[in-house]
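Following: one structure in structure tokens, then a few remarks.
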Amino acid sequence: MYLNRESNYEKHPRTRIHGFKEEVFSGYEDIIEELKKRCAKRPFVLTVDCYPGVDDGELLGALKALEADRVILTEELFKGEQTIRQQLKYQLTDDRVFGKLYAGEIRDFMDEEKLGKAEEEVKDASGLTLIYGFGAALVSPGDLLVYADLARWEIQLRYRRGMGNYRADNGDEDILVAVVRLKKYKRGFFVEWRIADKHKAEQFESIGYLLDTNRSGRPKMISGRAFRAALGETAVRPFRTVPYFDPGVWGGQWMKEVCGLDAQAPNFAWSFDGVPEENSLLFDFDGTVVEIPAMDLVLYQPRNLLGEAVFARFGAEFPIRFDFLDTMGGQNLSLQVHPLTEYIKKQFGMQYTQDESYYILDAGDDAVVYLGLKDGIDREEMIADLKRAQEGGHPFDADRYINRFPAKKHDHFLIPAGTCHCSGKNAMVLEISATPYIFTFKLWDWGRVGLDGKPRPIHIEHGEKVIQWDRTTEWVKQNLVNAFYTVSEADGAVEEHTGLHELEFIETRRYWFDRPIDLNTEGTVHMLNLVEGAAAVVESPEGAFEPYEVHYAETFIVPAAVGAYRVRPKNADERIGLIKAYVR
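236 is the number of the first residue of the sequence shown in this note's numbering; add one for each residue after it.
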């Protein structure tokens, strides 16, 4: 229906790492045997630090086999639940979705007196002492530090299954499954993951072993040496993150076929394919596959990955995001607007905002994109109509206020922050944007409820403060719809500028070619997607990395440190299309 051949989309892309076969362990039996060897001398302090969300019951149960003489649990060193809730009241707010980014650290939530006593207890310890839990290295890095890691997507799935936040009795708290947003997720995004990443980044060079705890009952462990080497190798060659897919009330059918997903599922709405904050990396150590958060790469290798200029501007954060929004056979997205930089900084503590664009990978004959305001509208009347609709009155008449542009395959709609927008039904969108993806102000959701049966959150009170009322029909046509021009053309290879708008910090270029083309990162990270053609091969002109194959609709990253690289169609005489995004 959408593809005239078999899907070759790789859902589990792996990065092959050679040379560490003896430093990789699978299953608790092998892991415990290795740790016993390392802990044989006495006295010995084994520290097992954990990312919040690790299954403590499972892991601690396995570690009992070490027969430690003394066990110090960090959960006993934290302040009480109510004290922490009060401490976080400013960050978490009363909103179901939004909070304020927390800039502190784990110690802010620990009882300093208890922490001090634990530190003294370790100094006087004999035999085998096990320090276990979130922030364990703050008590002591010990004689051996093991870090138990976990990807954010797996954490979100555990939230849905009833897991609560760390030191919080909130397992049954409000879950907005349809939009992957929940109060538990909010606490993770705004607080827990921030302090956990900061702490983890400080431990990278000290980690003796890295534990992959993403699959219940099926742990993997690699040496710290193998872990650091894998990150170092990945930061200097092309790679893909592991995509994930999720249903939604407006979801479509395109990804099922093109990405080879469960044909029996009702729909798939989102895919994050190229979001290091959320996605994982799979490292294949001679047949043993270890999963780690892709954010580890950003934290450990920011200069090689991002480049000096991007790192200086954004720090250890990946500023570009590619994701899919599938409404093919589905429904309109919610009408929405993103905050201006000043607003997101003052209200939520974020340093940059979600400028974005819709690149149309595929479209039905009736596909449209809602973008910008119509000429001559009354802003007060529009806001009043939005509020009445949300309160159960007459449905909001989007066509009265919002421009609606026909959308066809390979169109590109630019959406600087402050612009009202949404994709209509029967469109397959590759969304290219900056990464503060949680900050979407929904204005109207067409009267729907989410997959959980609850009304989806609407934020008109935020939205009305950031809508740019001068972005009306003619301005939008001239600036935001297919703002293409040819950059270069030679021997049948064409490079085009497709966006983004001058108000946005991301630049996009599209390439059409049936022969090899040479590109260069010029010191900044590139994120790309094969938007036309079955497959392409990414190569190093100097042989600096192994040839890397990518397939239709796959997103891949070329780190800044790569420099010169070449892309060619895998199949002779096939003309392919490639879109590239980078920070200006």
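Backbone N, C-alpha and C fix where the C-beta goes; we use that ideal spot for every residue, glycine too.
* Other residues of its chain near ARG822: CB distance less than 7 Å, five sequence neighbours each side excluded -> A query on residue 822 cannot be resolved here, the shown segment of the chain reaching from 236 to 819 and no further.
* Once you ignore the five residues that flank ARG416 on each side, which residues in its own chain have a CB closer than 6 Å to its CB? -> The predicted model places ARG416 with a pLDDT of 42, which falls under 50 and marks its position as unreliable; any figure quoted below should be read in that light. Cβ neighbours of ARG416 beyond the five flanking positions: VAL332.
* Distance between GLU699 and GLY653 (C-alpha atoms, nearest Å) -> So the two alpha carbons sit approximately 9 Å from each other.
* Counting only the same chain and skipping the five closest in sequence on each side, list residues whose C-beta sits under 7 Å from that of ASN806. => The beta carbon of ASN806 is closer than 7 Å to those of ALA769, ALA770 in its chain, skipping five residues each way along the sequence.
* If you draw a straight line from the alpha carbon of TYR800 to that of VAL603, how long is it in whole angstroms? -> Between the C-alpha atoms of TYR800 and VAL603 there is a straight-line separation of about 36 Å.
* DSSP state of GLU433, grouped into three classes? -> According to the sequence as given, residue 433 is Lys; it is not Glu. LYS433: helix per DSSP, three-state reduction.
* Can you check the stretch 489-530 for any beta strand (DSSP E) of at least 3 residues that lies completely inside it and give the ranges in chain order? => Listed in chain order, the beta strand (DSSP E) elements of length 3 or more contained wholly in the stretch 489-530 are 505-507, 515-520, 523-528.
* To do: Just mark LEU451 as buried or exposed, buried being the case when its beta carbon has 16 or more other beta carbons within 10 Å.
  => What sits at residue 451 in the sequence shown is Ser, not Leu. Counting the other CB atoms within 10 Å of its CB gives SER451 a total below 16, which places it among the exposed residues.
* **Assigned secondary structure, ASP229 (DSSP; H/G/I helix, E/B strand, else coil)** => The first residue shown for the chain is 236 and the last is 819, placing residue 229 beyond what the model contains.
* **Cβ neighbours of PRO278 in the same chain (closer than 8 Å, five flanking residues each side left out)** => So the list reads ALA360, SER361, GLY362, LEU363, THR364, once near-sequence residues are dropped.
* By Cβ distance below 7 Å, which residues in the same chain neighbour LEU294 in space, the five residues on each side in sequence not counted? -> Hits under 7 Å: ALA383, THR448.
* Asked: So, is the C-beta of GLN317 closer than 8 Å to a C-beta in chain C?
  -> Within the model displayed, chain C is absent; a lone protein chain is all it includes.
* **ASP409 versus GLU774 - alpha carbon distance** => Its pLDDT being 49, under 50, ASP409 is placed unreliably in this model, and the value from its coordinates should be taken loosely. ASP409 and GLU774 have their C-alpha atoms spaced approximately 48 Å apart.
* To do: Counting only the same chain and skipping the five closest in sequence on each side, list residues whose C-beta sits under 6 Å from that of ASP680.
  => Within the same chain, ASP680 has close Cβ partners SER569, ARG691.
* Spatial distance of GLU460 from TYR535 (CA atoms) -> The residue asked about is misnamed: residue 460 is Arg in this sequence, not Glu. Straight-line spacing of the CA atoms in ARG460 and TYR535 works out to 13 Å.
* Which residues DSSP lists as bridging CYS657, in chain order -> Beta-bridge pairing links CYS657 to TYR605.
* To do: Jot down the residue ranges of each uninterrupted alpha helix (DSSP H) in the stretch 439-477, minimum 4 residues, whole runs only, in chain order.
  => Taken in chain order, the unbroken stretches of alpha helix (DSSP H) that lie wholly in the stretch 439-477 and span 4 residues or more are 459-469.
* To do: Less than 8 Å between the CB atoms is what I'm expecting for ARG249 and VAL524, so what's the real figure, rounded?
  => Yes, ARG249 and VAL524 are in contact; Cβ-Cβ is about 6 Å, under 8 Å.
* Which of the three DSSP states, helix, strand or coil, is assigned to GLY628? -> Residue state, collapsed to three classes: coil.
* Asked: Leaving out five residues before and five after ASP227 in sequence, what residues of the same chain have Cβ atoms less than 6 Å from its Cβ?
  -> The structure shown does not extend to residue 227, since the chain is modelled only from 236 to 819, so the question has no answer here.
* May I have a chain-ordered list of the alpha helix (DSSP H) segments no shorter than 4 residues that lie completely inside the stretch 539-592? => Counting only runs of 4 or more residues that sit fully inside the stretch 539-592, the alpha helix (DSSP H) segments are 543-549, 576-583, in chain order.
* Using the rule of at least 16 other Cβ atoms within 10 Å of the residue's Cβ for burial, across every protein chain shown, is GLU348 buried or exposed? -> Counting the other Cβ atoms within 10 Å of the Cβ of GLU348 gives fewer than 16, which makes it exposed.
* For ARG396, which of helix, strand or coil comes out of DSSP? -> Three-state result, ARG396: coil.
* To do: Keeping to the same chain, check which residues put their C-beta closer than 7 Å to that of GLY599; ignore five residues upstream and five downstream.
  => Correct list, in chain order: MET563, ASN661.
* Asked: Alpha carbon to alpha carbon, what distance is there between ASP531 and ASP519?
  -> Approximately 16 Å, taken between the alpha carbons.
* **Cβ neighbours of PRO804 in the same chain (closer than 7 Å, five flanking residues each side left out)** => These residues qualify, in order along the chain: ASP749, GLY768, ALA771, ILE811.
* Could you spell out where the beta strand (DSSP E) holding ARG803 opens and where it closes? => Boundaries of the beta strand (DSSP E) harbouring ARG803: 799-804, taken from the DSSP string.
* Please name the residue or residues paired with PHE279 in a DSSP beta bridge. => Bridge pairing for PHE279: LEU363 [DSSP].
* With a Cβ-Cβ cutoff of 8 Å, do LYS435 and TYR337 count as a contact? -> In this structure, TYR337 does not lie closer than 8 Å to LYS435 by Cβ.
* To do: Determine the DSSP secondary structure at LEU327, reduced to helix, strand or coil.
  => The answer is helix: DSSP assigns LEU327 an H, G or I state.
* Expected contact under 8 Å - CB spacing of ARG819 and PHE740 to nearest Å -> Right, their Cβ atoms sit about 6 Å apart.
* Exposed or buried, PRO641, counting other C-beta atoms within 10 Å across all chains shown (16 or more means buried)? -> Exposed, since its Cβ has fewer than 16 Cβ neighbours within 10 Å.
* Asked: What residues are listed by DSSP as bridge partners for ASP384?
  -> ASP447.
* Contact between the stretch 702-709 and the stretch 607-617 (3+ Cβ pairs under 8 Å) -> Touching, yes.
* How far does the alpha helix (DSSP H) with THR759 in it reach, from first residue to last? -> Unbroken run through THR759: none, as it is neither H nor E.
* To do: Tell me, to the nearest whole angstrom, how far the beta carbon of SER506 is from that of PHE480; I am working on the premise that it is less than 8 Å.
  => That belief holds up - the Cβ atoms of SER506 and PHE480 are roughly 5 Å apart, short of 8 Å.
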